[in-house]
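S.K.:
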Amino acid sequence: MDIIVCIKQVLDHDIPPRDFKVDEEKRAVVPPANVPPIISNFDEYAIEEAITLKEANGGKITLLTVGDESSRDSLKKCLAMGCDEAILLNDSAFEGSDSFGIARILAGAIKKIGSFDIILCGRLSSDWSFGTTALALAEALDLPSVSQLQKLEANGDTLRCERVLEDGEEIVEVSMPCLLTASNEINTPRLPSVKGILMASRKQIPVWGAGDIGVDTSQVGAGAATLELTKLYKPDYSTLCEFIEADSLEEAAEKLATRLREDKII
Amino acid sequence: MFSEDILTEEQRMVRDMVRGFSRKELAPRAAETDLGSFPEDAAKKMAELGLMGIAVPAEYGGGGVDPVSAALAMEEISAVCPSTSVIFAVQNSLVCDPIFAFGSEIQKKEFLRPLASGEKLGCFGLTEPSVGSDAASLQTTAIRSEGHWRLEGAKRFISNSGEADLCLLFATTDKSLRHKGVSAFIVDMNSPGIEVAKPERKLGLGGSSVCEIRIEGAEVPPECLLGSEGQGFEIAMKTLDAGRIGVAAQATGFIRACLAASVAYARERETFGRPISDYQAIQWKVADMATEIEAARLLYLKAARLKQKGLSFSGEAAMAKVFASDAAQRAGSEAVQVHGGNGYMRDYPVEKFYRAAKAAQIYEGTNEILREVIAKHLME
Ligand SMILES: Cc1cc2nc3c(=O)[nH]c(=O)nc-3n(C[C@H](O)[C@H](O)[C@H](O)COP(=O)(O)OP(=O)(O)OC[C@H]3O[C@@H](n4cnc5c(N)ncnc54)[C@H](O)[C@@H]3O)c2cc1C
């Protein structure tokens, strides 16, 4: 079973709010000093699921990421967890791509790779949380896709997928090749072992640019982005404590409910 | 950190993995571990990740990393859980490494493999009830009789001995020969004649057992002699030389924990209408901690690099250990001070590092003895 996993390197969000800074003029997050970037959370679940599938069914896992040279660190970590190969998609023409641009770049790389059974992605990225890239990729490759998996079982040529919904779950069967996105309920990502790290550090990561994957540069990058960021700011959170006075618990509950409704919280 | 650019990719990856492991697996239990429970689950996970024989080559079941990576791993564990760092240090530097360095091929297959894969836990038995710094005077005897060695005596303050399966145990075959009479034995802790007393109650490091081992007529087969007869003292000294790189990295981790907790607390705690981080008295404390972390780290990295290149590192390792553990002792004290009364309480993390740091000034050569070692390198 050959699997392609698409990952994204993001800024570590697990930092104190006071260290999170936004440059409003440039409409960009200022990378915090001395905090290395991480693999987007949900992507780790996709990696783990791919490794579990490979352990049960054999095959090869190829990683793809669109990013700059620093993304090698995240690719290496995934290799150390147990993936086989990684390709970095880096080209100045890719800079500023929106989700659809990224999907076009990934689709180009996947067409170049050729055959595969499953593409796995995280359900959304932990920086922007749009959740569009993976599905746009399925569209670009004209593949069936199932999103937000909490469970995956392979039965011969079909996959039985359990999707997390807001009010329950949905069971879907899909045939391969297909694209799946992993939710955090699906597994517990492993840490790379020391042996895995030594193996990964000996692996080479090739870089593919627009020319290598036959991507039309007018279709990607900032110029092709259909989404415009008009403002980026840090929300101002403040807390206020209010006591609800009442003679009985019932009355207190009712007053609290009314108060919350007034503030449109419930 | 300043040392970022002097590390290889592999070294950074090992460090980052162990950092992730420590945060995820050790941090939630560190306070509980410190109060006295052996971190069994953590030890199991460490075995799975290849951390219980981190520097032992893969062919003997270990992780196969270089001395720099091993020391960085030590710093990461120590910055979160002091007790687990002792378990890691003993297993790796004091047991696995000497068996790899001095063991025969058969010993490596039989004893090193299960240790390095984490199936078995080891301990290092040098100190005795009446002998510590002056290890050449040890009293435990090994007498050759009927095709095996018969051991008599006692070992004291032996870390990991409460749970260990094997002990690298030092005994003399001829007291009159002093250090030349010492031999090293790989002893099965379940053999008849070996009895482990109940754990000592100590100042800190609660999750790491320290016990007395009573040895009464324990029979050890000849194939358990590590190195040659009379080589034991050399094995002990070389093992401790390298172990001190680990203790230095450990103490660096302790200072890091003190600094992180102090900075976070100082930004939050307000007195006289201002956060205490506004006061110079507090700023100087954290500035000193940060400076000493960098210095301590560079010292242990230098010793580790010399070791990696096969050069002599004994003096550098001693300097690293003395400097880092003294600095950790200061940092522990000052971190408690920054936290005020809270710092003295177990609900806050810093006092456990304060208590742990004291031990780092004592074990693997007291800082007094090590200053003598450093001076000897200068004067000889
Ligand atoms: C938490 C903990 C864990 C330990 N784990 C182990 C272990 O796993 N295995 C093991 O074998 N041992 C272990 N030890 C023992 C440790 O290595 C010894 O305690 C240490 O070597 C000191 O020996 P001692 O206690 O006999 O002190 P002594 O040797 O009696 O020293 C007492 C004091 O005198 C000073 N002193 C002694 N001689 C001189 C001199 N010539 N010049 C100047 N000052 C001197 C010392 O520095 C010290 O301050 C552990 C100790 C602790 C606290």
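The listed protein sequences derive, respectively, from chains A and B.
Numbering-wise (our numbering), the first sequence opens with residue -9 and increments by one.
Numbering-wise (our numbering), the second sequence opens with residue 2 and increments by one.
Note that the Cβ used here is the ideal one computed from N, Cα and C, for glycine as well.
(1) Can you tell me which of the three DSSP states B:PRO130 falls into?
(2) Nearest to B:LEU300 by alpha carbon, out of B:PHE101, B:LEU27, B:GLU76, B:PRO58?
(3) Please report the residue range of the alpha helix (DSSP H) in which B:VAL287 lies.
(4) Find out if the Cβ-Cβ distance for the pair A:ILE234, A:ALA242 is shorter than 7 angstroms.
(5) Who are the near neighbours of A:LEU219 in its chain, counting only those whose CB is closer than 7 angstroms to its CB and skipping five residues on each side?
(6) Would you mind telling me which residues of chain A sit closer than 7 angstroms to B:ILE55, beta carbon to beta carbon, in chain order?
(7) On the three-state DSSP scale, how would you describe A:GLN140?
(8) May I ask you to check if the CB of B:ALA360 is nearer than 6 angstroms to at least one heavy atom of ligand 1?
(9) Output needed for A:SER61: all residues of its chain with C-beta closer than 7 angstroms, excluding positions within five of it in sequence on either side, in chain order.
(10) Using alpha carbons as the reference points, say which of B:GLY194, B:ALA325, B:LYS176 lies closest to B:GLY247.
(11) Quick check on this structure: which residue in B:ARG257, B:LYS286, B:THR367, B:ALA361 has the alpha carbon closest to the alpha carbon of B:VAL81?
(12) Do we get a CB-CB distance below 7 angstroms when we pair B:GLY104 with the residues of chain A?
(13) Count Cβ pairs between the stretch 341 to 358 of chain B and the stretch 216 to 231 of chain B that sit closer than 8 angstroms; are there 3 or more?
(14) Which residue from B:GLU381, B:ALA304, B:SER86 puts its Cα closest to that of B:VAL31?
(15) Thinking C-beta only, is B:PRO130 closer than 7 angstroms to B:ARG157?
(16) Which residue wins for smallest C-alpha separation from A:GLY204, given the options A:GLU85, A:LEU96, A:VAL(-5), A:PHE90?
(17) Look at the Cβ atom of B:ALA155, then the Cβ atom of B:ARG215, and state whether they are nearer than 7 angstroms.
(18) Residues in the stretch 33 to 54 of chain B with C-beta within 8 angstroms of chain A's C-beta atoms, listed in sequence order?
(19) Do you know how far the Cα of B:ASP289 is from the Cα of B:PHE3?
(20) Can at least three beta-carbon pairs, one atom from the stretch 174 to 184 of chain A and one from the stretch 6 to 25 of chain B, be found at a separation below 8 angstroms?
(21) Could you tell me the distance, in whole angstroms, from the CA atom of A:LEU217 to the CA atom of A:ARG192?
(22) So does the stretch 205 to 215 of chain A actually touch the stretch 79 to 95 of chain A, counting three or more Cβ pairs closer than 8 angstroms?
(23) Please report whether the beta-carbon of A:SER119 lies at a distance below 7 angstroms from any beta-carbon of chain B.
(24) Reducing DSSP to helix, strand and coil, say where A:ALA247 ends up.
(25) Secondary structure at B:SER118, three-state DSSP: helix, strand or coil?
(26) Determine whether the beta carbon atoms of B:VAL96 and B:LEU169 lie at a separation below 7 angstroms.
(27) Verify whether the separation of the beta carbon atoms of A:GLN140 and A:SER115 is less than 7 angstroms.
(28) Determine, using beta carbons only, whether B:ALA172 and B:ALA143 come nearer to each other than 7 angstroms.
(29) Can you check whether the CB of A:ALA93 is closer than 7 angstroms to the CB of A:LEU142?
(30) So which of A:GLU160, A:SER238, A:ASN47, A:GLY186 has the shortest CA-CA distance to A:SER137?
(31) Please report whether the beta-carbon of B:GLU10 lies at a distance below 7 angstroms from any beta-carbon of chain A.
(32) Could you have a look at B:ASN161 and say whether DSSP puts it in helix, strand or coil?
(33) At a CB-CB cut-off below 7 angstroms, which residues of chain B make contact with A:SER191?
(34) Can you tell me the Cα-Cα spacing of A:THR148 and B:ARG13, whole angstroms?
(35) Is any beta-carbon of chain A found at less than 7 angstroms from that of B:VAL197?
(36) Can you find a heavy atom of ligand 1 that lies under 6 angstroms from the Cβ of A:VAL12?
M.R.: The short version:
(1) If DSSP states are grouped into helix, strand and coil, B:PRO130 belongs with coil.
(2) With distances taken between Cα atoms, B:LEU300 lies closest to B:GLU76.
(3) Per DSSP, the continuous alpha helix (DSSP H) segment holding B:VAL287 begins and ends at 281 to 309.
(4) Taking 7 angstroms as the Cβ cut-off, A:ILE234 and A:ALA242 qualify as a contacting pair.
(5) Short of 7 angstroms from the beta carbon of A:LEU219, and not among the five residues preceding or following it, lie these beta carbons of its own chain, in chain order: ARG17.
(6) The answer, in chain order, is VAL184.
(7) A:GLN140 falls in the strand class under three-state DSSP.
(8) The answer is yes for B:ALA360.
(9) Same-chain partners within the cutoff: GLN(-1), THR55, LEU78.
(10) The shortest C-alpha separation from B:GLY247 is found at B:ALA325.
(11) Considering only B:ARG257, B:LYS286, B:THR367, B:ALA361, the residue with the shortest C-alpha distance to B:VAL81 is B:ARG257.
(12) No - not a single Cβ of chain A is within 7 angstroms of the one on B:GLY104.
(13) Contact between the stretch 341 to 358 of chain B and the stretch 216 to 231 of chain B is absent: fewer than 3 CB-CB pairs across the two stretches fall below 8 angstroms.
(14) Note that residue 31 of chain B corresponds to Ala in the displayed sequence, not to Val. That would be B:SER86, whose Cα lies nearest to the Cα of B:ALA31.
(15) Pairing B:ARG157 with B:PRO130 gives a Cβ-Cβ distance under 7 angstroms.
(16) Residue nearest to A:GLY204 within the set A:GLU85, A:LEU96, A:VAL(-5), A:PHE90 is A:LEU96 (criterion: CA-CA distance).
(17) The Cβ-Cβ distance between B:ALA155 and B:ARG215 falls below 7 angstroms.
(18) Per Cβ criterion, the list reads GLU49, LEU50, GLY51, LEU52.
(19) For B:PHE3, the predicted model reports a pLDDT of 46, less than 50, meaning its position is unreliable; a value from the coordinates is still stated below. The alpha-carbon atoms of B:PHE3 and B:ASP289 are separated by roughly 16 angstroms.
(20) Segments in contact, yes.
(21) So the two alpha carbons sit approximately 39 angstroms from each other.
(22) They touch, by the three-pair rule.
(23) Chain B places no beta carbon closer than 7 angstroms to that of A:SER119, leaving this residue out of the contacts.
(24) Helix.
(25) Three-state DSSP puts B:SER118 in coil, outside helix and strand.
(26) Yes, they are a contact pair.
(27) No, the pair does not count as a contact, with Cβ atoms beyond the cut-off.
(28) Judged by beta-carbon spacing, B:ALA143 lies within the 7 angstroms limit of B:ALA172, meaning their Cβ atoms are closer than that value.
(29) Not closer than 7 angstroms, so no.
(30) Checked all of A:GLU160, A:SER238, A:ASN47, A:GLY186; the closest Cα to A:SER137 is A:GLU160.
(31) Judged by the 7 angstroms Cβ criterion, B:GLU10 is in contact with chain A.
(32) It is coil, neither helix nor strand.
(33) Within 7 angstroms Cβ-Cβ: GLU10, GLU11, MET14.
(34) Near 40 angstroms, if we compare the C-alpha coordinates of B:ARG13 and A:THR148.
(35) Chain A, which has no Cβ nearer than 7 angstroms to the Cβ of B:VAL197, makes this no.
(36) No; taking the cut-off as 6 angstroms, the Cβ of A:VAL12 has no heavy atom of ligand 1 nearer than that.
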